Each structure stands twice: as C-alpha cells, then as structure tokens.
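Position in the sequence shown (from 1) plus 1 gives the number in my numbering. Backbone N, C-alpha and C fix where the C-beta goes; we use that ideal spot for every residue, glycine too. These numbers were taken from a predicted model, which means no experiment stands behind them.
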Amino acid sequence: MKQLRALSGFILLTMAVLATARPKAGPEQKCKSGPVDLVFLIDSSRSVRPHEFETMRKFMIDILNTLDIGLDTTRVGVVQYSSQVRSEFFLKTHSKLDSMVKGINEIIPLAQGTMTGLAIKYMMNEAFTIEQGDRPKVPNVAVIVTDGRPQDRVAEVAAEAREKGIEIFAVGVARADMASLRAMASPPFEDHVFLVESFDLIHQFGLQFQDKLCGVDLCLESDHGCEHICESSPGSYQCLCLPGYTLNDDGKTCAAIDLCAEGKHDCEQVCVSSPGSFTCDCNKGYQLNDDKKTCSTIDLCAEGKHDCEQICISAPGVFTCDCNKGFKLNQDKKTCTNMEMCNTVEHGCEHQCVNTPGSYYCICPEGQLLQEDGKSCGTCKSANIDLVLVIDGSKSVRPQNFELVKKFVNQVVDSLDVSAHGTRVGLVQYSSRVRTEFPLNMYHTAEEIKAAVMKVEYMEKGTMTGLALKHMLENSFSEAEGARPASRNIPRVGLVFTDGRSQDDISEYAKKAKEAGITMYAVGVGKAVEDELREIASEPVEKHFYYTTDFSAISTIAENLKLNICPEESQGEIEVKDPCACENLVEFQQATMNSLEQLTQKHIL
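Below, the structure written as structure tokens:
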C-alpha cells in the first residue's frame, strides 16, 4: 500500500475540532503537504438538485484553494458519475490552480442514476494510472461524495481499490446509505466515513480535510486513540507499541506478548508472565532453586519453623500438629491438653478421680457429699450453687401476673444462702428475644438481687423458649458472666418458668444444657405444655418439673423451694403426684418442693 495509508487518522468528526479549525488558507498561505495524487469522485445523479451540485462544486474549489497545486506537488483529478462515468480532467491535465477551477466550473451534471461501483472501477483503472498522471510512490487519495444508495455493488470493487493502495474517504449527504459508505471507505471507519444532513454542511469535511493535508501534528492535536505510542507524519499518524507488546488488529491498542501462554518458557511449576518476558515461580510449599527454573519442597518441620507443642507433621510448605497418646489437640491446633490427668498427677481425691479435658474433679460415693476442699467426702455440706432463673415475659403472661412472677423469684432468693462464695443468682427474661437482666456475678446479697428483680420491666411479645435456653447455656453459665469454673464442681442449676407453648424448637438446647452438666428444673403455669416441661427437666423428670393452673399458686412453690439443704435435714422423699389429679393444690406444691430439696443434694454430689 502507498504511503498515504498513514492518513487513516485524519478525520476528526467532533464539533470541537470544527469549532477550532484554522481559517482557510489564502493564495499567499498554501498548504505544504508533500506530493499527493487526489481524485474527487462526485455523484451527479438526478437526486442531486442544481443548487446542491453548485455547493459541491464550491466544496471542491475551497479545498483546491488551500493546496499547493503543481505537477511536482499536489495533482488533482475530477470524475463525475451517474448511470455512466465521465472524467472531467485527469491528474496530468492541469498544473495550475486557475485552470483546475475553470474545469470544475464547466462541469455539467449527468443527472441520471447512481452507479457508484462502476465509478470506483473507472477511477481505479483509468484515473489512477501512469498514463493519466498517477505517480509511483506518491500517495493516492480518493474522496467520494454521494447523496444516495448505489444502484450497483460497491463492496468488492472498493476492496480491490483499497488493496491497490488507494485511500478512500466516503462523504455521504442527506439520503446517503451508511452501510454503503462503510463498504467503500478505508478502515478505520471513524476516520474515513463522514455523513452530513445536507450539502450546505459539506464544508465541514473540507475544513478537516485541509487540516490533514496541511501537516497538522495529529498526535498532538487529535484524539488519536493510540494506547502506547503515537508516531506523527505529515497529515497522518500511526500507532506503535512498547517493547514486549504487539499491535492489535484495530491498529491502536496493544496486547502484551505472553510467553507463558504461548508455552515459550522452561519453568518447572509456575510461569509468571510480563510483556515479552517471564519469570519462574513455585507452587505453595515449594521454593525456587538457584537455576531459577526448578522447585524443591519446603519442610517446615525439619527446619524448626513450627509452633507445635508436641508433634509436627510436615507437608510441602505447611505443617499440622498432633499430640502424644493421652493428650488431645486444642482448638488452636497447636497445643495439647492432657486427657488423663488422674493418671499423671497427684489428684488427692478421697474416693474417685474423674478426667476432664486438661483437668479433673473428685466425686464421692452415694450418700456422701464432696467437701469444701474438693477432694474429701462427708455426710453434709452447705449447698453452694450457680442458679440462673429463666422467666417467661411473653404477652400471654400479662402485666399483673408478671409481678407475681417477680415475687416468685424473690421468694426463691429468700431461701438461698446468697454470697460471692456461696450461692450466685442470675436472671434472664425472654419473649421474642432474650435479655439478661443481671448475670451471676453482678449481685452478692439477697437484698441487691431482690431490688434488681423488682425493677425488671415486662417485655411482652412472643415465647422463644428454645432461644432462651441457648442464651442460658452459651452466655449465662459462662465464666465471663460469673459462673464458677467447672473444675470447682459448683453445681449449676437452671430453672425455666413459662406459661405457654414455645414458638421455636427447644429440643436441641434443652439436651445440650443437660449434657453440659446443668440440672434443669421446669415450672409451668396455665397453658404451659407438659411435654415441653418434661423435655426441659433433668432426670428423673418427675422430680424436676412442676405445674400449676394459675399464677396465684406459684408462691406456694417458692415457699418450699429450698436448695441449700443437707440429706439429714430433708423431710424425706415425697411422691410427686399428677397435679391435675390433686384435690388440694397446696398439698401438691408442698410435695413437689420437698422433693426438689432432695434433688438439690444431687447437685452437691
């Protein structure tokens, strides 16, 4: 292709460029563009009205006035076409501007059809020939101006012309067909296709065209679109790429040369690409050898780069920890807990030592109680417990009954030996959500607890007993909220008070609470469901759940709830009767509370 192929970026279609276009060069200000062979191919079909043809005639003359016309500089030819093609003058015909203008003014329109394809073929085979003045190694430029759809095929002949090195600009006016313009023009289309609404606006193309031929530095003064490098030449530019990149088909953007993707490397494991180059790397757990290509395993255990307390198990670049027999790996996956401390320490248990993870505790035979030293056994001991009361504050309880519930709690507190080192009490209220009213470690006297209970505000809303059990297990009996460490063997007791069916599942956390060693009591009133009470209560179930039909009777339960009692102080085991079969509610309450006293001793055991 000839040199003017580089003119592919010359048309700037934005109005900003039009607004700042330089004034038309006069006779004393000729454009020094270098030699160009330029042919105008103008549509003179019957659809082009006389005044429109005159505008097109003026358009050509305005462009010629800016050019350095001469046989050694810019040569110009004009071909008009309709149903036939006629050359008005060839490239060799005129060497002076005046004679060219005269020739253009003498053109008579053919006023027939629109055979654009035939005209392009004529231009290629006749106008751009050596016989008619075409110069070898001088850029060939064709400007096609048309106002309608071609009546013949243009794509094939235009492609042939472009292959011969002719740079084609297609200027469409009014009714011109955009698809046909794109079929004729050289790529990129945004630089070679120009469409205006009327012949009166065709001068806009002329202003920009003369900018191109007059040597504007398009790299500086245009939106050239080159991604990396714009290389300017008179009236044109070309895009180049940085080292390691290759120019894409659009002639503007660049793509990195990826040697890794092309398989042009000798890395053993990982190839890291950079434009036109690469480096080698290794998979996780391996390190790059001195040859910068191959990899070897990283053994962190052998290198001592681990923090396992007992056993280190190596894998490439990583390790896992394990423990010796009799130990269990902790959640930190590094340290170990002795699971058999009874066999490895002097535990001092009088009767029996029971292993727990990382610790142990002592137990006594049936009928005896563990003493304050946590090791010896005896017949009696003041019962110290961690007690959490979980009370139902749902809407069905109603405000007046909630006050009775608070009095019930305080009656229970009155029966306890409350102190920091004795019995601790925490209170949780629940409805559709759960709220800790006070934790186990907040108050250390019965008076403080009772005062706090009376200030508790009624929540109302739903009955999420399962959520309350979860909260009790995970929060209320945590050491953070005042529960004493399990190693001290302080009994943990949970008492759930409810007046209706739970709106969520209670099974999971009722089971988990008991599995955690919490002795669970369930007290139900009114519409409380016996099956749920039984599921909450510890074994034996009959001794750990209580029921009454209305709130007025709960005070009787509280009066008989004594958790600090020795076996010899109890009144003996009393049969727990079916509350529905009781003829006397007070008799039932007395019987159940006396039974609860004896169950407290089990906590101590």
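Buried/exposed call for residue i, threshold 16 Cβ in 10 Å
i      : result
Val86  : buried
Gln430 : buried
Asn126 : exposed
Asn290 : exposed
Ile131 : exposed
Thr466 : buried
Leu243 : exposed
Glu53  : buried
Val273 : exposed
Met455 : exposed
Ala162 : buried
Asp38  : buried
Asn284 : exposed
Leu562 : Low confidence applies here, because Leu562 scores a pLDDT of 49, under 50, leaving its location unreliable and the question unanswered by this model.
Asn339 : buried
Asn325 : exposed
Asp506 : exposed
N- and C-terminal bounds of the alpha helix (DSSP H) containing residue i
i      : result
Asp250 : Looking at the DSSP string, Asp250 is not in any alpha helix (DSSP H), and its letter there is neither H nor E.
Lys408 : 400–415
Ala143 : From DSSP, Ala143 is part of no alpha helix (DSSP H) but of the beta strand (DSSP E) over 141–147.
Ala184 : 179–185
Ser617 : There is no way to answer for residue 617, as the model of the chain reaches only from 2 to 606.
Cys322 : Segment 319–323 is the beta strand (DSSP E) holding Cys322; no alpha helix (DSSP H) there.
Straight-line gap, residue i to residue j (C-alpha atoms, nearest Å)
i      : j      : result
Glu458 : Cys337 : 46 Å
Ile62  : Asp251 : 34 Å
Thr446 : Val419 : 6 Å
Thr1   : Ala421 : Nothing in the structure corresponds to residue 1, since the chain is present only between 2 and 606.
Met101 : His95  : 6 Å
Leu534 : Lys396 : 19 Å
Gly394 : Ala469 : 11 Å
Met57  : Ile105 : 10 Å
Tyr361 : Gly375 : 11 Å
Leu65  : Thr74  : 12 Å
Ser199 : Gly264 : 56 Å
Cys220 : Cys240 : 9 Å
Met473 : Thr464 : 15 Å
Ala128 : Ala257 : 43 Å
Gly229 : Cys255 : Note on identity: in this sequence residue 229 is His, with Gly being the wrong assignment. Going from the Cα of His229 to the Cα of Cys255 covers about 7 Å.
Arg434 : Phe328 : 40 Å
Cys343 : Glu269 : 54 Å
Boundaries of the beta strand (DSSP E) in which residue i is found, first to last residue
i      : result
Met521 : 519–526
Val426 : 425–431
Ala171 : 167–174
Leu42  : 37–44
Cys337 : 337–339
Glu132 : Looking at the DSSP string, Glu132 is not in any beta strand (DSSP E), and its letter there is neither H nor E.
Glu438 : 435–439
Residue i, DSSP secondary structure in three states
i      : result
Ser360 : strand
Tyr459 : coil
Phe190 : helix
Thr56  : helix
Lys396 : helix
Asp301 : For the sequence presented, residue 301 should be read as Leu rather than Asp. Looking at Leu301 - three-state DSSP - the assignment turns out to be coil, as it is neither helix nor strand.
Ser100 : helix
Thr115 : coil
Glu269 : coil
Thr466 : helix
Phe200 : helix
Lys329 : strand
Val158 : helix
Glu89  : strand
Phe546 : strand
Ser1   : Coverage of the chain is limited to positions 2 through 606, which leaves residue 1 absent and any answer about it impossible.
Leu260 : coil
Ser503 : coil
Cβ of residue i within 8 Å of any chain D Cβ
i      : result
Val413 : Chain labels in this structure do not include chain D; a single protein chain is all it has.
Between the stretch 532–542 and the stretch 511–523, do three or more beta carbon pairs fall short of 8 Å? Segments in contact, yes.
When the Cβ atoms of the stretch 483–503 are set against those of the stretch 435–442, are three or more pairs found closer than 8 Å? Short answer: they touch.
Do three or more CB pairs link the stretch 132–147 to the stretch 167–174 at distances below 8 Å? These segments touch.
Using 8 Å as the cut-off, can you tell me whether the stretch 72–85 makes contact with the stretch 39–51, which would need three or more C-beta pairs spanning the two stretches below that distance? Touching, yes, given that three or more Cβ pairs across the two stretches are closer than 8 Å.
Inter-stretch contact (C-beta, 8 Å, three-pair minimum) for the stretch 151–160 and the stretch 173–185: Judged by Cβ distances under 8 Å, the stretch 151–160 makes contact with the stretch 173–185, as three or more pairs qualify.
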